[in-house]
Amino acid sequence: MAVLDIVLAPDPILRTKTKPVERFDADLHRLLDDMLETMYLAPGIGLAAPQVGVDQRLCVIDVSGKDETRTPIDLINPEITWRADETEIAEEGCLSIPQQYADVERPAAVRVRFQDRHGKEHEIKADGLLARCIQHELDHLDGVLFVDHLSALKRNMLLRKVAKSQRLKTRDDD
Ligand code: K1U
Ligand code: ZN
């Protein structure tokens, strides 16, 4: 397994709509395993393919706690089939927008239909942190970032901070 580089905003790949996965082969399994390893190391609770520079409709999620057994989920070609009317506000971060956090309002529960790494179809209902993480990751697959749910003022402030910290890092690395 390998740790992949995480793409940071404003890289344009984070703004592209991903293409459906068609081949459920060894290359796909390697990508999913590498993404899981990258997510656990980051650390994060989710990671979508565009965040590692891949234009494919897939993501990995594991919302288990620090002292719990790992429960990774691969979501291939996921689609939300139902959203609760009730919404919840909670703080989100993003591995592609490091060290920036904001409250985001989202439906409190969702149903999602997806394929696993073997191409088998599943549909699950999720609430709480899993529902939030699914929505955050599926947004990535449509080129949407959590800051897009904020006011333009807040969004530009967070994105400017990321751009500035990247400029400083590039300067320090030189
Ligand atoms: O997609 C990503 O950028 C990963 C992101 C997912 C996410 C965070 C918060 C709400 C919804 C979705 C992260 O994992 S950021 C890191 C994080 O939230 C975290 C890291 C370690 C332990 C617990 C949470
Ligand atoms: Zn993210």
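The working numbering applies: residue 1 is where the sequence shown begins, and numbers increase by one.
A virtual CB, placed ideally from N, CA and C, is assigned to each residue, including glycine.
Note that the coordinates shown come from a computational prediction; the quantities given were computed from them, not determined experimentally.
For residue j and residue i, believed in contact at Cβ under 8 Å, the rounded distance
| i | j | result |
| --- | --- | --- |
| Arg111 | Ile76 | So it is not a contact: roughly 17 Å between Cβ atoms. |
| Lys154 | Ala102 | 6 Å |
| Val162 | Ile97 | 5 Å |
| Val7 | Val52 | 7 Å |
| Gln115 | Glu121 | 6 Å |
| Leu32 | Asp74 | 5 Å |
| Asp226 | Lys17 | Examination of residue 226 is not possible in this model, given that the chain is present from 1 through 174 alone. |
| Ser64 | Arg70 | 6 Å |
Simplified DSSP state of residue i, which is helix, strand or coil
| i | result |
| --- | --- |
| His122 | strand |
| Ile89 | strand |
| Thr69 | coil |
| Arg160 | helix |
| Asp142 | coil |
| Asp55 | coil |
| Ala102 | strand |
| Asp62 | coil |
| Leu47 | strand |
| Lys169 | helix |
| Lys17 | coil |
| Ala152 | helix |
| Cys133 | helix |
| Met1 | coil |
| Leu28 | helix |
| Val147 | helix |
| Pro10 | coil |
Short Cβ contact (8 Å threshold) for residue i with residue j
| i | j | result |
| --- | --- | --- |
| Ala48 | Leu145 | no |
| Val147 | Leu159 | yes |
| Arg132 | Arg171 | no |
| Val67 | Lys19 | Looking at the sequence itself, residue 67 is Asp, so the reference to Val does not match. It is not a contact, given that the beta carbons lie outside the stated cut-off. |
| Lys125 | Ala108 | no |
| Met118 | Gly46 | Note that residue 118 is His in the sequence shown here, rather than Met. The answer is no: Cβ separation not under 8 Å. |
| Asp62 | Pro78 | no |
| Pro50 | Leu28 | no |
| Glu92 | Val104 | yes |
Counterpart residues of residue i in DSSP-defined beta bridges
| i | result |
| --- | --- |
| Arg83 | Val110 |
| Gln115 | Ile76, Glu121 |
| Asp127 | Ala109 |
Chain C within 8 Å of residue i, Cβ atoms only
| i | result |
| --- | --- |
| Thr69 | The structure shown contains no chain C, having only a single protein chain. |
Quick one: any contact between the region 19–36 and the region 140–156, if contact means 3 or more CB pairs under 8 Å?
no
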